[in-house]
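Heads up: the structure comes next, in structure tokens.
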Amino acid sequence: MKIFFTSMIICAGLVASAQNVGIGTTAPGTKFTVRPVELGYVMENSAENSPVVIKTFLNTTFGQIGTSSNHPFELMAHDGIGQFRLMPNGYTGIGIENPTAKLHVGYGNVLFAPPGAMPSVNLAANPPTSGGGHRMMWYADKAAFRVGSVSSTQWDKDSIGVNSVAMGNSTKAIGRETFAVGNGAVARGAASVAIGPGPRAEGSHSTAMGYLSEAAASFSLSIGMYTKATGYGSNALGAYTKAASNWETVVGYNSKEYTPFATGDNFTNQKDRVFTIGNGFNFEPSNALVVLKSGNTGIGEDNPLLAGLIVNTKVSAVNALFGSNTSGVAIESQSPGIAYNCYYNDSRKAISPGYAALTGQDPNGGRFYIMTSSTSATIADATADLQERISIIPNGNVIIGGGTPDQRLSVNGNASKTGGGAWATFSDARVKKNISPYTAGLAEILAIRPVSFQYNELSGYADVNTQFVGVIAQEIENILPNTISKTDVNPAVKDLRSFNSSELTYTLINAVKEQQLQMEQERKEQHAIIAALKLQLEQLQKQIDALKK
163 MKIFFTSMII CAGLVASAQN VGIGTTAPGT KFTVRPVELG YVMENSAENS PVVIKTFLNT
223 TFGQIGTSSN HPFELMAHDG IGQFRLMPNG YTGIGIENPT AKLHVGYGNV LFAPPGAMPS
283 VNLAANPPTS GGGHRMMWYA DKAAFRVGSV SSTQWDKDSI GVNSVAMGNS TKAIGRETFA
343 VGNGAVARGA ASVAIGPGPR AEGSHSTAMG YLSEAAASFS LSIGMYTKAT GYGSNALGAY
403 TKAASNWETV VGYNSKEYTP FATGDNFTNQ KDRVFTIGNG FNFEPSNALV VLKSGNTGIG
463 EDNPLLAGLI VNTKVSAVNA LFGSNTSGVA IESQSPGIAY NCYYNDSRKA ISPGYAALTG
523 QDPNGGRFYI MTSSTSATIA DATADLQERI SIIPNGNVII GGGTPDQRLS VNGNASKTGG
583 GAWATFSDAR VKKNISPYTA GLAEILAIRP VSFQYNELSG YADVNTQFVG VIAQEIENIL
643 PNTISKTDVN PAVKDLRSFN SSELTYTLIN AVKEQQLQME QERKEQHAII AALKLQLEQL
703 QKQIDALKK
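Note that the numbering used here has the sequence shown beginning at 163, numbered continuously upward.
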């Protein structure tokens with residue numbers, strides 16, 4: 163014991179005089195230096211329940227401090243409570259007694275804050291590690307965070323944007339303030355976001371979400387599968403949709419691509435699209451609806467430039483139907499027309515109970531017609547039996563009652579007007595020229611052969627059973643040629659002849675005049691004969707009287 167105290171006094175003297183204390187060395191370079199001669203322990207507590215060990219190794223670059231038994235190693239704060247615990251299995255706890263992971267932080271805040279300002283990009287050091295692998299990494303020089311795995315250089319220095327976050331597998335957040343999450347997601351434009359499998363946010367402030375979606379332009383949004391937004395501020399949503407025009411929104415499936423009229427960011431053209439619905443089928447691109455920036459709208463029409471609304475799609479013959487089960491109007495383009503309370507789908511059908519009508523036009527023949535039903539439909543979708551009532555052909559001729567008009571106005575059937583009488587015509591001498599006497603009369607009337615007849619199928623008339631009275635055009639053409647006209651309005655009959663009976667009125671007038679002259683002449687002749695007979699009678703009477711005497 164005396165030796166121990168003597169040694170302590172000597173050591174104290176050494177400490178007091180030299181200030182440095184050495185164990186295993188005669189020249190301590192620090193206040194307290196321990197240098198074993200060979201591999202061994204610096205300090206070991208032999209008690210098994212207090213296994214604190216400090217160990218050093220010669221000819222190596224490291225030493226150890228910890229325990230030599232199956233007990234955790236702790237660092238304690240001033241209150242004697244362990245704040246850092248290293249478990250025998252390698253789990254490390256901060257502020258927690260039983261860590262369950264390599265690093266387990268208990269209740270409290272965690273702060274990663276390097277001192278000083280963030281360095282400029284060109285002065286930033288390399289990240290803690292590079293190349294392929296899986297990791298969670300805080301890259302302080304760019305204030306960037308990475309977690310997940312990479313196959314190559316996606317998380318190397320040049321692929322990491324300032325203030326960026328990338329999570330998942332082989333994601334890239336290259337631009338400033340970018341966010342990439344998923345599998346192969348790339349956020350390149352400044353302040354862009356890419357989320358999902360393979361999306362690309364190339365434009366600044368763009369967002370790409372979904373499977374291989376792409377937001378190529380600034381402020382663009384692409385969400386879905388194979389969507390692509392290339393217009394400034396455009397939006398592509400759905401699957402296989404393409405938004406090419408600035409500020410355009412495209413939704414649906416497999417829309418048609420097109421080249422906008424406006425070029426350059428933030429430029430617009432009234433002919434460009436502002437809204438599109440794609441409805442492609444079997445990978446064949448198609449658009450159900452297109453709205454231009456002018457407001458023009460196309461349904462089934464990609465470029466509605468000719469009108470405010472163009473409908474270029476149909477069911478059977480119907481492009482649009484307004485109203486249902488309460489009467490309505492159908493717009494049809496197969497033979498362009500407007501159908502009232504009816505529509506065409508394999509056959510003409512009623513929209514609701516009641517009568518139906520149709521106005522239409524034959525684009526090949528140029529015929530415009532009006533049709534009505536003669537009977538009322540009792541239920542919706544019942545057959546609507548329409549009959550042609552009025553039609554106008556390209557030369558302006560009009561017919562009432564069906565058929566082909568050979569005059570400016572033709573009537574297939576009878577006609578009447580209030581008060582009866584003939585139709586009035588202009589007859590003022592001031593509107594006439596080349597006036598000459600009309601001479602046809604009695605002889606022509608006597609040559610006309612009236613006939614009784616029925617029309618056949620070549621006439622174009624629906625009524626082929628009614629018996630009519632008239633003339634044969636070819637016969638009267640040789641008698642009164644001005645009563646006959648020829649037309650080609652009926653393709654079944656070349657030079658179709660029509661008869662205008664109005665001339666007969668004046669032919670009959672002349673015939674009556676001729677008969678009147680003949681009657682006057684006969685009257686004069688009769689008077690002369692009577693006078694001669696009277697004279698003869700008087701002479702005979704005188705002779706008789708003379709014989710009596």
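C-beta atoms are modelled at their ideal positions from N, C-alpha and C, and glycine is treated no differently.
Using CA coordinates, which residue listed in Q496, K511, Y506 is at the minimum distance from P525?
Closest in C-alpha terms to P525, from the list Q496, K511, Y506, comes Q496.
Round the Cβ separation of A519 and T534 to the nearest angstrom and send it over; I've been treating them as touching at under 8 Å.
Contact holds; Cβ gap of about 5 Å.
Within 8 Å, strictly: CB atoms of S354 and N345:
Not closer than 8 Å, so no.
Any chance the region 674 to 688 sits against the region 631 to 644, with 3 or more Cβ pairs inside 8 Å?
Too few Cβ pairs lie closer than 8 Å, so no.
Look at the alpha carbon of I692 and the alpha carbon of E682, and state the distance between them as a whole number of angstroms.
Using only the alpha carbons, I get a separation of about 15 Å.
I'd like the span of the beta strand (DSSP E) that includes L604, first residue to last.
It is not in any beta strand (DSSP E) - L604 instead sits in the alpha helix (DSSP H) that spans 604 to 609.
Suppose contacts are defined by Cβ-Cβ distances below 8 Å. Is N559 in contact with D568 by that definition?
Yes, the pair counts as a contact, with Cβ atoms nearer than the cut-off.
Using alpha carbons as the reference points, say which of S589, T628, F661, G294 lies closest to I610.
Measuring from the Cα of I610, the nearest candidate turns out to be F661.
Looking at the unbroken alpha helix (DSSP H) that takes in T669, where does it start and where does it end?
Its alpha helix (DSSP H) spans residues 664 to 710.
Put T168 into one of helix, strand or coil per three-state DSSP.
In this prediction, T168 scores a pLDDT of 44, lower than 50, which makes its location untrustworthy; the coordinate-derived value is nonetheless stated afterwards. Looking at T168 - three-state DSSP - the assignment turns out to be helix.
State yes or no: is the C-beta of T430 within less than 8 Å of the C-beta of N408?
The Cβ atoms of T430 and N408 sit closer than 8 Å to each other.
Under the three-state DSSP convention, the category S368 falls into:
For S368, the secondary structure class from DSSP, reduced to helix, strand or coil, is coil.
With DSSP run on the structure shown, which of helix, strand or coil describes K579?
It is coil, neither helix nor strand.
C-alpha gap between A356 and G414, whole angstroms
Cα to Cα, the separation comes out at about 21 Å.
Considering Cα atoms alone, identify which of L620, A624, V631, Q245 is closest to S614.
S614 has its Cα closest to that of V631, out of L620, A624, V631, Q245.
Is the beta carbon of P289 sitting closer than 8 Å to the one on M299?
Yes, the pair counts as a contact, with Cβ atoms nearer than the cut-off.
Going by the DSSP bridge assignment, what does Q523 pair with across the sheet?
Within the DSSP secondary-structure output, Q523 pairs in a beta bridge with F530.
Cutting at 6 Å between CB atoms, please list the residues of its own chain near P447, excluding the five before and the five after it.
Result list for P447: N416, K418, in chain order.
Should L697 be labelled buried (16 or more other beta-carbon atoms within 10 Å of its own) or exposed?
L697 is exposed by the Cβ-count criterion.
Considering only residues of the region 391 to 453, which uninterrupted beta strand (DSSP E) runs meet the minimum length of 3 residues and lie entirely inside it, listed in chain order?
If we require 3 residues or more, the beta strand (DSSP E) runs fully inside the region 391 to 453 come out as 397 to 401, 411 to 415, 435 to 441.
Can you look up S572 in the DSSP assignment and give me helix, strand or coil?
Three-state DSSP puts S572 in a strand.
Per-residue DSSP class, three states only, for N232
Looking at N232 - three-state DSSP - the assignment turns out to be coil, as it is neither helix nor strand.
Using 8 Å for Cβ pairs, my map puts R308 next to V324. What's the rounded Cβ distance?
Not quite, the Cβ-Cβ distance comes to about 13 Å (not below 8 Å), so this is no contact.
Top-ranked residue by Cα proximity to A349, from K334, L273, Q636:
For the residues K334, L273, Q636, the minimum Cα distance to A349 belongs to K334.
Can you grab the Cα-Cα spacing for the pair A305 / A263, in whole Å?
Approximately 25 Å, taken between the alpha carbons.
Can you round the beta-carbon distance between S384 and E376 to whole angstroms, since I take them to be within the 8 Å contact cut?
Right, the Cβ-Cβ distance comes to about 6 Å (below 8 Å), so this counts as a contact.
List the DSSP bridge partners of L483.
Note: L483 sits in a beta bridge opposite A492.
In chain order, what residues of the same chain lie with their CB nearer than 8 Å to the CB of P261, ignoring the 5 residues before and after it?
Leaving aside the five residues that flank P261 on each side, the residues in its chain whose CB is nearer than 8 Å to its CB run, in chain order, R247, M249, Y253, T254, G255.
Would you tell me roughly how many angstroms separate the C-alpha atoms of D320 and G440, rounded to the nearest one?
Spanning the two alpha carbons is a distance of roughly 39 Å.
Assuming contact is defined by CB atoms lying nearer than 8 Å, are N503 and S478 in contact in what I supplied?
No. Outside cutoff.
State buried or exposed for A287, treating a residue as buried only when at least 16 other CB atoms are found within 10 Å of its CB.
With fewer than 16 other CB atoms across the displayed protein chains lying within 10 angstroms of its CB, A287 is exposed.
By the DSSP assignment, the beta strand (DSSP E) with I256 in it spans what residues?
254 to 256 is the extent of the beta strand (DSSP E) around I256.
Find the nearest neighbour of L454 within the set N596, N444, I638, A469, judged by alpha-carbon distance.
For L454, the closest of N596, N444, I638, A469 by C-alpha to C-alpha distance is A469.
Do the CB positions of Y623 and G528 come within less than 8 Å of each other?
Going by C-beta atoms, Y623 is not nearer than 8 Å to G528.
What residues match up with N507 in a beta bridge as DSSP calls it?
Answer is S509.
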